[in-house]
Structures are given as structure tokens and as C-alpha cells.
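Have a look at the structure below before the remarks.
In full-length UniProt numbering, the protein residues as written are 1 to 947.
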């Protein structure tokens, strides 16, 4: 095979590969454009695509042009070098192969090599800016914050929008200059015949010196700009007593940057002076001064100020800057307008009749924990193996006169759960396309058998309340809709099972992209890497293909510049199903604000995304018009965002304050409620998120939604709440909540408990439940009978100047039985009561007064199992009632007295087992071994007692 044929075959192969890549990439881009077009977001797609493409092209062109321009000035020494080497009168210093290269390398070819090299460098460095288009667009459309930083008095928008853009330009400039300097320097050195540093001054031509000097001059100008921008970075310093600029930053580091800025400008001018005057003394002195001042002002002087001025007088020196950090942090997290008040505890005992004046609150005390309830839904309401409840959501509905907190889950179709023989392309793409309906139950109601009282249930969905309307319950877009599907085909589309038969349907919505011609079929076949789309006879001119249906992917694809919540939730509005997805605007460039995850230090839930579960439409509503970042995005993508006022009331009434945001805010607020700098510095009143017991493990209390009637309000409302305890203590010191209803949506408030009164914290209540012998022994007996005992969320419920604690108890048969709510534990002041339902527990506590912790039938069961009279355990109960906040840790320790009765032995064994499991989880194997040995001794005593 001749060289010519090989050459053309190689060209053909390369061209074929490039064509395949181009077609594949083009197919993805085109189908993405169709996807955005389906949602009426063509402008958003165009802006994102073109801004990224144009920015990368611009950077590539600038890089290539600068590098080529610099390489162009090196042609003369290279051509001169080639002419010398090819001169027959000059001794040949190179081998024959090198000579052939020099003979081949002429001026035209050298120019081509330089051009190709510049293009390659430009292409490589253009990829660095793949995410920079967002930063550029925000800079061009920035919105003022109308808040200034306390050091430079710049609007916050400068740091959020402008500073990143300036830093980007500075970085790109320095990179291209350094690369150019390295390339031209290497060329001059190689082709001038320089072999050592000592030869540079003598052999380097005047042209080369001027060229490299100009590059060094430009680099120094960029370095001066770098020092100028670093002045602003002190506002994000993490080295001081608080995040942000401290005394040393403002009085030492800032001075250092200013001195170095002036010094580098002087060095840059010295470079030009030495270039034209051939006098290098100013340059040498300038470089020496730069090095010396860098050492002094970036190391020695700041350390001196910190050690000898700040540390001996830290609170006086840093007080002003701590105040800056506190105020800016509160603003950045939306905590600057939290309403605070005292929660006055009543001296009188709460009566049952007084409590029932808050009927809506009591009726909606959430007994169902979403974790066991998910298992219950899946076992009772999935009904077929291919249906699943991916999550359980909490919401509220106005059902006639009753404002009701509900639990609900979407019944989605999991294609991966189809029988193995049904895992065909036709079934997964054309037939099994959607889920059906929701299951809904009141959060505070339980059937006699321990199962939920359903408001919506079964297939097809059966509505058990006349105030609920559900006309269209199909779910084509959800959390489990991971695969593409094609609807309106000649293949019948499965709707739902009906006994031994199936009911079929035809899609009547607007979702999906039409594939009405052979070209689109071909493109989608290429996109999804299957010829079945092209060859299927079931796809007709009316067919629509739905892809990127998973709502997690869907919202992120439409607006990848936002951050999203971890828990979208489904709602029923106007007889249809929608998903509500909380979206956040964030930045890590808010001066002085404390970061919450090591990066971001500003967050707003400014945007609510509503996803139609049937049509897949996306509506991005801006609900916080005061968020400058959201307003900036609205300027950029004016077809994507809608004003919050346009949201339908039927959807607005289901908006929730998101748990993810509230978690961040409570984590910040536990320190930043201390607004006095001295108190903050001394950490005099640090709060913590309390702990609770869940399935044998100690976990932080999650923020929870409850119905509550706030002090001074005349009706109950839906709130998101989190309690606080003091640092290293378990008693409760305050609680914080976010309002969700109507015009009060988003309002935050904190109630502080009196410092001179004991208010039990969740972990103390958990410990007291463990110490309550009758309850503890009954739970242990249930566990020994083959049931898993699940202790649900412990809810702290402030009501009528009192505090109630409610914890549901679920039983689940080992091996995956249905979790059933079998008991409810209620605590008030020093009493703990466990009954079969909440009403009985409240009556036993508030009407009957002090009595047995468990009902008589449970006591009889306990006595029958243990052979023990309940009076023998009364002493333990009395001890539990005397728990003090400072003794909370001691509550979990075993008593120093050796237990003598079976009941005490069982309690002690249970405590030791729980401690051993905790030690094992903590990796403390030595303690685990000791506890297991003690447990063995107790079990031996127990066996002897049984004899």
C-alpha cells in the first residue's frame, strides 16, 4: 500500500471519527433544545449555551492571539539560526536528521507551526472557563444589595458579582503572560545558543531583552492588581477570632497589601527604566525591596501585631470586628429580624379542659413518624410490586372546618421492580409509563389496629373526605421516573390494575416532545443509543417522547445555577398533583458572614419550583423579591422566572418553610443569638440542637412541622419548629420556629424559657422514659417477643404556657412486618404516661392526675411475664421524677445499688445493652467489652432469680 493511500485512509478515518463526534454531540444539543422548547424556555437554553460557547471562544481567541503575537516576535532569531546552520561554510554542529529539519523549516512553515500551537493553547485554556459564564452574566446584570461592608463601604454586590469577575480577568491575564514568557524565553535561549545563566546577558539580543522585559512589565501590573484585589479578601479571612477581617487583618495585612501594591508598581517601572536606560540598579533594588517587604508584611509584622498587640488585649481589639461578624452573619442568613420573646411558664397545672381549648393543636399532634410510616404505606398501599412510595411528605389541608396536618406519599411506578420477564424495551418505554395517585392520612389519627386512618387510599385512588378532589392522579414526572417513555403510541398504555384485569389509558397532556418524523426518530435513537425508536411500528405521528422526567434532574437541568432542597414534596391542588421544589440562591462571598459548610455563607429560599406531575411543566416563582441574587437571575433569564404573585392560591396555601434552610439557620443561630460581642467572645450562652433516641441510637432532633397556636394568636397554624438546649446541658432553653401560613410565611421567632425554671430537654425526657421501669420493661418484653420496638420522633409541643412531650411507639414484626402505632407516651412536668392512644394518655395525665405509667392491663401483662408486683418497681419511678438538668448525663448511668428484683435486673440489663451498642457505634471496643461482661453478670442474676 502506497504512502499516498495510507495518508488518505488516515485522513478519512480521522474525518469519520470527527463526524461521529459532531453528530452525537449535535444530537444531544438538539434534543436538549427540544426539551427546553417543550417547557417554553428556549431563551434560557440559548443564553446558557451561547454565553458558555462565546465566552470559551473569546478566551480561546484571546489566548491564541496573545501567544501567537509573542511567538511572532521570535521568528527573526530562529530564521537567523536556521540560516547559520544550513550555511555550508559553517561547521555542522547537529546530526543529519536535525539538518533535514532545518532544511524543511522555512518562514512559511514556521508561521504555520506557531499558528497551530497558538490555537492548541487557546483551545486548552478555553476549557478552564466552562463554568465562568454564570459569573460573567451575573456581573453584567448585577443587582445592588443596598447594604455595605463595614471596612471598605462597598455595596455587597461588589463582592458577590464584581470581585469574582475581576479576579477571573486577573487570573486569565497572569496565566497567558506567564505561558507566553515561558515559551518565548525558551525559544530565545535555545536558538541564541545560551548554555548557562551567565551567558544570558551577553548573548541575548536587544530585541529579545525588550520583548521579555515588556512581558515581565505586564505581569507585574497584573501582580499589582492582584495585591489590590487581595485587600478585599481580608473580609473573608478565617484566621481571626471570628470569620472576616479582624484587628490584625485591618491594621497589618491591609497595610501590607497597600505597601506591596506600590512596591510592585515601582518594580514594573524599574523594568521599563532598565530597558531603555540599560541601568539595572533600580530594578535590582526594587526586586530586593519587594522580597524584603513581602517577608515583613505577609509574615513578620502581622505575627508581631497579633502576638504583642491583639492577644494580650483580644476582646478590646476584636470587639468591633466581632460585632461586624455577628451583624453581617445574621443578615446573610435572614436572621436579622427574628422576633424574640419570653415563653412564660404557668405555675398552675394544665388541665385537660384547658388543653382542649386548643383542639386543633391537640388533634394534629403528629403521631406518625415518616420513617416507619413509609414502610406502612409500602406494605398497605403499594398493592403491586412495581409501585413504591419513595418518600413520605408532611403538609396541611383545609378539610371543611378542620385545619388538618396530613402525611402523604406519591405512588410511583418503579420500572426496575417489574418481573424479570417483563423487563423489555416495549414495557419500560411504551406500556408502564407512570405511577398513580397518592396515599394520604391525618398525622394525628390512628385506627384501633395501629394503622393509619386514610383520607386517600387504594387503586384507583379512593377519596374518603368530601373536601378532597382528585380528578387526575397520574404521575408521569416524579422521584422514580428515571427512564424516558413514549406515549400516544399504538401500544396500549397501562393505567392501573383492577382485580385480575388491567385498565389502560391514553395520555392527554402536553408533556413530551413530538417525534412525528423520521429525522426526529433518528436523532432520539442516537441520543438514547437504541435503534428501537427508529424501528418500532408502535410509534406514530402523534407520539410524544418524555425524557429527563426525574424531578431532581429536571429542575437542575432547567436552572443549573441554583441550589436545590433535598426533599421535594407532592401536593393535591385543584384535583391534580404537583411537586413543590424549594430552590436556593447562595454565595460564599458575603463579607464577614460565617460559612455553614466551608463554602457558602449566604442563603435564601427565594424560588419555589412547581412541577406538574402529569404535564411536566416547570414554574419558577420568585417568592422573595428582596433577594438581589434572585433578581439578577431574573434579569438574565426573563422567560424562566415568574413573580411570586402569579402563583395560584391553591398552590400557595401548601408552601412550606424548607427544613434544609431551617437546619442551616438553627445551626448558625445557636451561636449568633448572642448579639453582644463580649458575650459571643466568651461563649457565655451557646446553644445546641438536642438529641433524641431513635431505634436504639442517639440522633440530633430534626426540625419538625406541627400545628401550634402561638402566644397572642387566636388560631392554630402550621409551623416548623426546633428546640434548643444549652451547650453541655440537656435541659431546654429555647425553641425557634418558622411560620408557614398566609401573609406570615417565612417569619421567624424564638421563645426563651425562664432561666430559673427547669424545662426538660428531649434527651432528658428520653432518659426519663428509659428510667420509667414499667414502660422500659414493657418495651423490653415486646422486643423479646419477636417485635422491633421503634420509638418515633419525640415532639416538644409548647401550648398554653406549658410544654408537652409526645413520643409514639411503633411495633414491627421481625423480618419486615407492618409498623403499627401501638402506644403513645406523653410527658408533662414530672409525669410520664403511656397509653394506647393520645386521648387516653392526656386524660390519664391531666384528669386522673398521677397514676401508673402504663394502663392496668399492661401492668397485668407485665406482672404475668415477670412474676413481679408493680409496687416493687415504684422506687425506680420515684427516682426518675427527680431528674435535674445538671444530672442528665447521670440519668443514663447504672445505679450504684445492686439490683435485686427481676424488674430491676431487666431494667439494668436493658440500660447496659443500650450503652454497649453506643460504645460499639463509637468504636470504643474496650468499653464495649466491659459492658458486655457486666451484662453477662446481670443475666446470670436474672436466671437465678427466675429459678
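Ideal Cβ placement from N, Cα and C applies to all residues, glycine included.
According to DSSP, is residue i part of a helix, a strand, or is it coil?
{"i": "residue 853", "result": "coil"}
{"i": "residue 248", "result": "helix"}
{"i": "residue 35", "result": "helix"}
{"i": "residue 691", "result": "strand"}
{"i": "residue 434", "result": "coil"}
{"i": "residue 771", "result": "helix"}
{"i": "residue 930", "result": "helix"}
{"i": "residue 698", "result": "strand"}
{"i": "residue 303", "result": "helix"}
{"i": "residue 605", "result": "strand"}
{"i": "residue 97", "result": "Note that residue 97 scores 46 on pLDDT, short of 50, meaning its location in the model is unreliable; the coordinates nonetheless yield the value given after this. The answer is helix: DSSP assigns residue 97 an H, G or I state."}
{"i": "residue 495", "result": "strand"}
{"i": "residue 540", "result": "coil"}
{"i": "residue 734", "result": "strand"}
{"i": "residue 534", "result": "helix"}
{"i": "residue 672", "result": "helix"}
Spatial neighbours of residue i within its chain, please: CB distance less than 7 Å, with the 5 preceding and 5 following residues excluded, ordered by chain position.
{"i": "residue 913", "result": "935"}
{"i": "residue 433", "result": "476, 485, 487, 493"}
From residue i to residue j, what distance separates their C-alpha atoms?
{"i": "residue 400", "j": "residue 719", "result": "20 Å"}
{"i": "residue 646", "j": "residue 176", "result": "48 Å"}
{"i": "residue 35", "j": "residue 132", "result": "24 Å"}
{"i": "residue 349", "j": "residue 827", "result": "13 Å"}
{"i": "residue 211", "j": "residue 217", "result": "10 Å"}
{"i": "residue 593", "j": "residue 722", "result": "23 Å"}
{"i": "residue 57", "j": "residue 724", "result": "53 Å"}
{"i": "residue 283", "j": "residue 240", "result": "36 Å"}
{"i": "residue 149", "j": "residue 111", "result": "52 Å"}
{"i": "residue 671", "j": "residue 754", "result": "19 Å"}
{"i": "residue 735", "j": "residue 692", "result": "15 Å"}
{"i": "residue 930", "j": "residue 770", "result": "21 Å"}
{"i": "residue 407", "j": "residue 611", "result": "20 Å"}
{"i": "residue 932", "j": "residue 909", "result": "10 Å"}
{"i": "residue 588", "j": "residue 250", "result": "21 Å"}
{"i": "residue 788", "j": "residue 673", "result": "41 Å"}
{"i": "residue 666", "j": "residue 237", "result": "23 Å"}
{"i": "residue 275", "j": "residue 146", "result": "48 Å"}
{"i": "residue 462", "j": "residue 456", "result": "6 Å"}
{"i": "residue 837", "j": "residue 807", "result": "11 Å"}
Looking only at its chain, what residues have a beta carbon closer than 6 Å to the beta carbon of residue i, apart from the 5 residues adjacent to it on each side?
{"i": "residue 144", "result": "155, 157"}
{"i": "residue 78", "result": "191"}
{"i": "residue 702", "result": "none"}
Buried or exposed: which applies to residue i, given that a residue is buried once 16 or more other Cβ atoms fall within 10 Å of its Cβ?
{"i": "residue 328", "result": "buried"}
{"i": "residue 291", "result": "exposed"}
{"i": "residue 627", "result": "buried"}
{"i": "residue 346", "result": "exposed"}
{"i": "residue 53", "result": "exposed"}
{"i": "residue 531", "result": "exposed"}
{"i": "residue 223", "result": "buried"}
{"i": "residue 683", "result": "exposed"}
{"i": "residue 585", "result": "buried"}
{"i": "residue 473", "result": "buried"}
{"i": "residue 498", "result": "exposed"}
{"i": "residue 603", "result": "buried"}
{"i": "residue 899", "result": "Here residue 899 scores only 44 on pLDDT, less than 50, and its place in the model is too uncertain to base an answer on."}
Taking 8 Å as the threshold (C-beta atoms), are residue j and residue i in contact?
{"i": "residue 444", "j": "residue 367", "result": "yes"}
{"i": "residue 716", "j": "residue 360", "result": "yes"}
{"i": "residue 417", "j": "residue 321", "result": "no"}
{"i": "residue 570", "j": "residue 655", "result": "no"}
{"i": "residue 136", "j": "residue 55", "result": "yes"}
{"i": "residue 583", "j": "residue 609", "result": "yes"}
{"i": "residue 67", "j": "residue 214", "result": "no"}
{"i": "residue 748", "j": "residue 335", "result": "yes"}
{"i": "residue 677", "j": "residue 326", "result": "yes"}
In chain order, what residues of the same chain have a beta carbon less than 8 Å from the beta carbon of residue i, not counting five sequence neighbours either side?
{"i": "residue 259", "result": "293, 297"}
{"i": "residue 783", "result": "789"}
Indicate whether at least one CB of chain C lies closer than 8 Å to the CB of residue i.
{"i": "residue 318", "result": "Judged by its chain identifiers, the structure shown contains no chain C, having just a single protein chain."}
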